[in-house]
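Per our numbering, residue 10 is the first one in the sequence shown, and the count goes up by one each step. Idealized CB from N, CA, C, for every residue including glycine. Just so you know, these numbers come straight off a predicted model, no measurement behind them. Following: one structure in structure tokens, then a few remarks.
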Amino acid sequence: MRVSLWFICLVSLVAAYPAPRTPAADPEPALTAADKKYLDDLMKDTLFDPKGAQRVSLPTSFFVQKIPAHSLSDSGAWFVPGRGGVPGRVYCTDGVSLPAPSENELKKLDFVAAARTRFMPAPEKNTNPADQDHFALTQQIQESHLRGAHDLIYAAWLYRLGEEGLAARALASARAREKDPRASLRTKLAEWNYAGMIFSFESRDDARALAHGEHLLSRYPVEAKTGLCRQTAQVVADLKGRQKKGTFGKAAKKEEWPADFDRWDIKKKLAYLLDGLDEIEVRQWMQPGGVDIGSDRRVGELIRMGEPVVPALIDALEADERLTRSVHYWRDFSPLPRTILGTREAIVTALSAILRIRLFEINSTADNFTSHGSAAAKETAERLRAYWKAYGHLPFDERLMKILINPKESFPTRREAAENFSLLKADGSPGSRWYNGRVGPVPGHVPGTAAAKYNNPTAAEAVLALMAADLKAHDAATPKDYPGRHKGERERIETEYLAALMFLGDRRLAPEMAKRASEAGSPRDRRQWATVAHYLGDPKPLQSFADDFRAGKIAVRPGNTRGDDLGHIVAILVEIGTPEADRALTALADPKHPQYKAVVEIILTQQGLGFESRKWFAHPFCLSILRAALDDIAPTGAEFVIEQNTLWHQVPGARGGGPVPEILTDPTRRRDKAAERTCDQAADKLGRAVVGLPKYHPLLKDADERLAALKTTFDRFAGKYRKPTEPERQLFGLDYFATPFLPDICPLGRAATAEDVKTGRALFHLDGKGKPASLKLPAEGVLTRDAKKDRPPRVLIVQAEIGADDRVTYGIISKDGVRSVPATEVTNVKHIPPPDVKPEPKKPADGVNGRKD
10 MRVSLWFICL
20 VSLVAAYPAP
30 RTPAADPEPA
40 LTAADKKYLD
50 DLMKDTLFDP
60 KGAQRVSLPT
70 SFFVQKIPAH
80 SLSDSGAWFV
90 PGRGGVPGRV
100 YCTDGVSLPA
110 PSENELKKLD
120 FVAAARTRFM
130 PAPEKNTNPA
140 DQDHFALTQQ
150 IQESHLRGAH
160 DLIYAAWLYR
170 LGEEGLAARA
180 LASARAREKD
190 PRASLRTKLA
200 EWNYAGMIFS
210 FESRDDARAL
220 AHGEHLLSRY
230 PVEAKTGLCR
240 QTAQVVADLK
250 GRQKKGTFGK
260 AAKKEEWPAD
270 FDRWDIKKKL
280 AYLLDGLDEI
290 EVRQWMQPGG
300 VDIGSDRRVG
310 ELIRMGEPVV
320 PALIDALEAD
330 ERLTRSVHYW
340 RDFSPLPRTI
350 LGTREAIVTA
360 LSAILRIRLF
370 EINSTADNFT
380 SHGSAAAKET
390 AERLRAYWKA
400 YGHLPFDERL
410 MKILINPKES
420 FPTRREAAEN
430 FSLLKADGSP
440 GSRWYNGRVG
450 PVPGHVPGTA
460 AAKYNNPTAA
470 EAVLALMAAD
480 LKAHDAATPK
490 DYPGRHKGER
500 ERIETEYLAA
510 LMFLGDRRLA
520 PEMAKRASEA
530 GSPRDRRQWA
540 TVAHYLGDPK
550 PLQSFADDFR
560 AGKIAVRPGN
570 TRGDDLGHIV
580 AILVEIGTPE
590 ADRALTALAD
600 PKHPQYKAVV
610 EIILTQQGLG
620 FESRKWFAHP
630 FCLSILRAAL
640 DDIAPTGAEF
650 VIEQNTLWHQ
660 VPGARGGGPV
670 PEILTDPTRR
680 RDKAAERTCD
690 QAADKLGRAV
700 VGLPKYHPLL
710 KDADERLAAL
720 KTTFDRFAGK
730 YRKPTEPERQ
740 LFGLDYFATP
750 FLPDICPLGR
760 AATAEDVKTG
770 RALFHLDGKG
780 KPASLKLPAE
790 GVLTRDAKKD
800 RPPRVLIVQA
810 EIGADDRVTY
820 GIISKDGVRS
830 VPATEVTNVK
840 HIPPPDVKPE
850 PKKPADGVNG
860 RKD
């Protein structure tokens, strides 16, 4: 069961960390008659009666395995001994009970004494967050958030146990935070019961899940129908359905088709697959994120069966109220919100994939089709029936064209048809979705020819006309939110249409795209139209745009240097790779360029070199910027700190931490604190962006010497950096999204000289007395010292010479260095064959590749 100790702390009702209190004034407070009735009513309809029970501490394992939804931070419950051979039971806050563990596992607690500590006057304590343990501070935050509910529970129990004075203090404390904390207490208790039901259901502990659900419906009838608990009745009904079906509490069956499944007719297959949808058990794969329910083999088979099963799937979407075993959640460490996905989730996934239409738009990270309920499912089914009646008889491409030109269809529906049309394969079958937030190519896409049969209008003309009408309607509509979001939605719509036009590949539209680029009213529009024109066969508008960008004539919207404007300009220039684009990107490394400061800030502050940041490190202009920053010793305002085996990077008011890297594991070689400088940022980025640079960290005691060595090594190959080939990427274990560089050292076909080493054409020389070895370059190998490691790092061999003494020396590039080594120190040596496709080398523009002119 996936229940963490963090969860146990989070859902606690009685805190283990009493907060400091201001001394209360005498005389001793007392309960009024109304107070007593208030607490009596709470005992009757909400809380367990502790009269005659013993407060005990239970083993943590018992709570994790048995009662996750009721765990208290003191691992406590109320114990009632057994009688007449009946075993004792432990009771949680609202009366849910389970057989108790053996009595030797129970530790008695003094509930009243704990209450005195909590509510009686106590000396003030230092609560400065800087002087507190991080975990204790977190507990105090949680305690403060739930304090009113906690104190109300104390008040009721203390009153029931005859401690009226303490009960009055507890009640006053509860009301100080909330006038009537009873409603919020019931809501919290209902939610924690609900969480227990969800976790039990997910782990197939159906008996406990049903007990939780029925307890919710009887004890919290109002709360179980609303808010985070609104799925309660559906879960209980589903569990009772499983009892009738004979699958209640049963382990998951092995995933395999019946022996003769392939010979079944489509009707029998469909019935079998629909019946098994309640056994789907796909887990959420990231947080926040979704459940890839389409990866289930049953859903995949429905999708493969295709359009013949659409009518039956629509009927099932309308009628099937069952649940799967898959749970969608916001964060794993948060017990709620959590939704058990219905079988409708699988059905709507299959229908979306078969019909190539979006049936549901996610509104938040915790959103899903199931949470919108039966009414939404029935409405979707009716909409699909109308769609299928109007278009189901048509081939896919004709269906799309009819929707595209039908003014009665909504703009989102017609826009989706434009997207699907742009991806048609030559045979008219659907392609894969392309939208990636900007106009630009998707690797491997080849415009299909299925749309070519349409004329008057052509598919591209229909899309262009639809785009104009859609944007006109959007502009005329009143913004639903703030104007910036309305404008952003317009840009998204426009980008979808432009990408569709590009993917349709109708070159007859290129002159119109070029015309619109020349008449564009903004740099963004100009870039977008010029990009489409480029991919439709007219490169001139984008060449002109690149030239103007190089000259600093393209304005970037203020405050949007990281977003659509500058980021997308850089991305498309990197993508097209023309000489004009190369010169424009190179110009960004010139301090005189108007975007220079913005680009420097972006590059230096990137948190990693992953998918989102790759455009900034995909062209050698970044090397020039980073090299210049290596000489900047200005402080950034941040600092590095090592505390309790965690490396923290912190700025005033915020910090982020992670494991201590291997280079810093030796305490004798490092400092525990160091201020960060601009050169430290640059060294970190260069170390990630360039293979072969020595390791560096500002916490090292020899950081200054290492920084100097990094500069020397980098400058040695200035102007001679290239992208690694795919075999080289694999050799160094480079991340898929990384865009690194490495020294471009080619075989000389002769012995290297001192001048070759000085100018970066070789790694070593043998005073002119060497000669090329027989090893075919480039090659790879493993240093002998690393050979016994489980996954020994490999090195790239780029030079091999035989000296006058007949000994062979290799010039190698490792992930953190370039050097020469005797061939005897390298093992497992083998030639690296060239990649299947080797791009033509491009001559670097002036000032590129990090050259310091």
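The alpha-carbon separation between Val-105 and Asp-287 amounts to approximately 28 Å. Going by beta carbons, Asp-681 and Pro-707 fall outside the 7 Å limit. Taken through DSSP and simplified to helix, strand or coil, Val-669 comes out as coil.
Following the DSSP letters along the chain, one finds Ile-634 inside the alpha helix (DSSP H) bounded by residues 630-638.
Assigned with DSSP and collapsed to three states, Phe-88 falls in strand. Taking C-beta atoms under 8 Å as the contact rule, Pro-548 and Thr-587 qualify, at a distance of about 7 Å.
Per DSSP, the continuous alpha helix (DSSP H) segment holding Gln-739 begins and ends at 735-741.
Between Thr-836 and Thr-768, the C-beta spacing is not below 7 Å. When the alpha-carbon of Arg-169 is set against those of Lys-60, Ala-39, Pro-676, Lys-387, the nearest one is in Lys-60.
Each residue's CA atom was taken as its position, placing Leu-360 and Gly-576 some 36 Å apart. If you draw a straight line from the Cα of Ser-212 to the Cα of Ile-289, it comes to about 13 Å.
Between Ala-761 and Ala-771, the C-beta gap is smaller than 7 Å, which places the two residues in contact. Here Ala-321 has Leu-279 as same chain residues with Cβ atoms under 7 Å from its own Cβ, once five neighbours each way along the sequence are excluded. According to the DSSP assignment, Gln-252 belongs to the alpha helix (DSSP H) that extends over 241-254. Taking C-beta separations shorter than 8 Å and ignoring five residues to either side along the sequence, the partners of Arg-678 in its chain run Leu-709, Lys-710, Asp-711, following chain order. Counting every other CB atom within 10 Å of its CB across the protein chains shown gives Thr-721 a total below 16, marking it as exposed. According to the DSSP assignment, Val-319 belongs to the alpha helix (DSSP H) that extends over 319-328. The DSSP-derived three-state label of Ile-841 is coil. Scanning its chain for C-beta atoms nearer than 6 Å, with the 5 sequence neighbours on each side dropped, one finds around Arg-731 the residues Asp-753, in chain order. Shown here for Ala-643: same chain residues with a beta carbon closer than 6 Å to its own, the five before and five after excluded, namely Thr-687 in chain order. The DSSP-derived three-state label of Ile-563 is coil. Secondary structure note for Leu-350: its beta strand (DSSP E) is the uninterrupted segment 347-351.
Taking Trp-625 as reference, the option from Thr-389, Thr-504, Ala-747 with the minimal CA-CA separation is Ala-747. Between Leu-283 and the set Pro-421, Glu-505, Gly-561, Arg-353, the nearest pair of CA atoms involves Arg-353. Bounds of the alpha helix (DSSP H) holding Ser-383 are 382-400.
In the DSSP assignment, the residues bridged to Thr-655 are Glu-652, Pro-668. Here Arg-535 is near Ala-526, since their CB atoms are less than 7 Å apart. For Gly-826, same chain residues with a beta-carbon under 6 Å away, outside a window of 5 residues either side, are Pro-703 in chain order. Under DSSP, Gly-790 forms a beta bridge with Val-804.
Inter-residue distance for Ala-560 and Gly-546 is about 25 Å (C-alpha atoms, whole angstroms). Judged by DSSP secondary structure, Ala-474 falls outside any beta strand (DSSP E) and instead within the alpha helix (DSSP H) spanning 468-485. Beta-bridge analysis with DSSP links Pro-644 to Arg-686. The region 216-232 makes contact with the region 196-207, as at least three CB pairs between them are under 8 Å. With respect to the 7 Å criterion, Val-300 and His-337 are classified as neighbours on the basis of their beta carbons. Of the other Cβ atoms in all chains shown, fewer than 16 fall within 10 Å of the Cβ of Leu-403; this residue is therefore exposed. Its Cα nearest to that of Thr-358, the residue Ser-304 stands out among Gln-240, Ser-383, Ala-218, Ser-304.
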